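Colleague: The sequence shown: position 106 = 131 (my numbering), numbered continuously.
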Amino acid sequence: MAFETPLLAPSLLAADFTRLGEEINDCLSAGAQWLHCDIMDGHFVPNISYGPFIVDAVRSAAPDTFLDVHLMIENPDKYVVPFSKAGANMITVHQEICPHLHSTIQHIKSTGCQAGVAINPATSVDLLYPILPDVDMVLVMSVNPGFGGQSFIDASYQKVYKLNEIRKQMNMTYLIEVDGGVQSNNATKLIQKGADVLVAGSSVFKAESIPGAIKEIRARMNAGRADIV
Ligand code: DX5
Ligand code: ZN
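(1) Taking just the CA atoms, how far does Gly-226 sit from Phe-91?
(2) Measure from the alpha carbon of Asp-151 to the alpha carbon of each residue in Ala-248, Met-97, Ile-242 and Arg-192, then state which is nearest.
(3) Quick check on the DSSP output: what are the complete beta strand (DSSP E) runs of length 3 or more inside the segment 166-222, in order along the chain?
(4) Could you name the residues that DSSP lists as bridge partners for Asp-159?
(5) Enumerate, from N- to C-terminal direction, the unbroken alpha helix (DSSP H) stretches of 4 or more residues contained entirely within the segment 34-84.
(6) What is the C-beta distance between Arg-243 and Leu-38, in whole angstroms, given that I count them as a contact (C-beta under 8 Å)?
(7) Please classify Asn-210: is it buried, with 16 or more other beta-carbons within 10 angstroms of its beta-carbon, or exposed?
(8) Would Ser-54 pass as a contact of Met-65 if the rule is Cβ separation under 8 Å?
(9) With DSSP run on the structure shown, which of helix, strand or coil describes Ile-116?
(10) Tell me which same chain residues have a C-beta within less than 7 Å of the C-beta of Tyr-104, skipping the five on either side of it?
(11) Kindly indicate which three-state DSSP category Asp-102 falls into: helix, strand or coil?
(12) In angstroms with no decimal places, state the Cα-to-Cα distance between Asn-169 and Ala-147.
(13) Is the CB-CB distance between Asp-159 and Ile-130 below 8 Å?
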C-alpha cells in the first residue's frame, strides 16, 4: 500500500469511547489518514487499554481506513493473529520486549499485515540496524509509553533525524512514525527532521474541535514537508 506522506494518525486512546464512532468520523472527514490503536497490557506498560474486540469495532466504524496497531504488551507474538483478524493493517511491536524480533516481524508479515518496530525514549536507534531492512515502519516513542497527555521529549528529534539519514544512506523505505506529545507546535519540526507519520491523541481529542485540531496539525505537517522538498 503506497501512501502520500505526511500522515496524521489520531490515537483513539484519548477519544470519548461512549461516542467512538462519531469521533472516528470527525477525524476522517477532517482529513486524518490513519487511525492509531494503543494496546496496553498492564505488564509491559503500567496501564491497560483495550484488545482485539475494540479494534474490530473500529474496523466496522472505518471499513476503508488504515489501522495502525501499536502493541505495548508482553508476548506480542501470541496476539498478532487476533489483531490481524480484527482488522489491523500495521502491527508494531516494541524492540525492548521482543527477544526474537526478526521472527516476530516475519510472523506479523505472514498474516498479511505490515510490520513495525517501536523504541522507547531510552532505547538507541543503533539497536535497530539489523532489523531495518525488514520493517515497514519505525515508531519513535516521544514519551514513555503507557499514558496519553504527556510532554514531548525533545531528544526524539535527533532519533528521527538519524533514522532518516540511515534510510537515505542505505536506500531503505521504512516509514518513520512519532508517537507521544505531538501537537501543532512540534509537527512542522518533526516532519522537517524526516518523520512521515505523526500520532496525536490529546491534541486531537481533547481539543475544542476535533476537525479544527486535525486541520491545524495537518497544515503544520504539510508546512514541514514543503520545507524539505
Ligand atoms: C502512549 C501511546 C500514544 C498516546 C499518545 O503510550 O502510545 O499513542 O496515546 O497520546 P498523546 O498524543 O496524548 O501523547
Ligand atoms: Zn501509540
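Where a beta carbon is used, it is the ideal one built from N, C-alpha and C, also for glycine. All values derive from a computational prediction rather than experimental measurement.
Modeller: Reading from the atomic positions:
(1) If you number the sequence shown from 1, residue 91 lands on position 66. If you number the sequence shown from 1, residue 226 lands on position 201. Taking the straight line from one Cα to the other gives about 17 Å.
(2) Here residue 151 refers to the residue found at position 126 when the sequence shown is read from its first residue. Checking every option, the nearest Cα to that of Asp-151 belongs to Arg-192.
(3) 200-204
(4) Numbered from its first residue, the sequence shown carries residue 159 at position 134. In the DSSP output, where bridge partners are listed per residue, Asp-159 has none listed.
(5) 45-54
(6) By 1-based counting over the sequence shown, the position of residue 243 is 218. By 1-based counting over the sequence shown, the position of residue 38 is 13. Rounded, the Cβ-Cβ distance is 20 Å, inconsistent with contact.
(7) Numbered from its first residue, the sequence shown carries residue 210 at position 185. Its Cβ having fewer than 16 others within 10 Å, Asn-210 is exposed.
(8) Walking along the sequence shown from the start, residue 54 turns up at place 29. Walking along the sequence shown from the start, residue 65 turns up at place 40. For Ser-54 and Met-65, no; Cβs fall outside 8 Å.
(9) On the sequence shown, residue 116 is found 91 positions in, with the first residue counted as 1. Three-state DSSP puts Ile-116 in a strand.
(10) If you number the sequence shown from 1, residue 104 lands on position 79. Within the same chain, Tyr-104 has close Cβ partners Leu-96 and Ile-98.
(11) Counting from 1 along the sequence shown, the entry for residue 102 is found at position 77. Looking at Asp-102 - three-state DSSP - the assignment turns out to be helix.
(12) Numbered from 1 along the sequence shown, position 144 holds the residue referred to as residue 169. Numbered from 1 along the sequence shown, position 122 holds the residue referred to as residue 147. Using only the alpha carbons, I get a separation of about 9 Å.
(13) Translated into positions along the sequence shown, residue 159 becomes position 134. Translated into positions along the sequence shown, residue 130 becomes position 105. A Cβ-Cβ contact shorter than 8 Å links Asp-159 with Ile-130.
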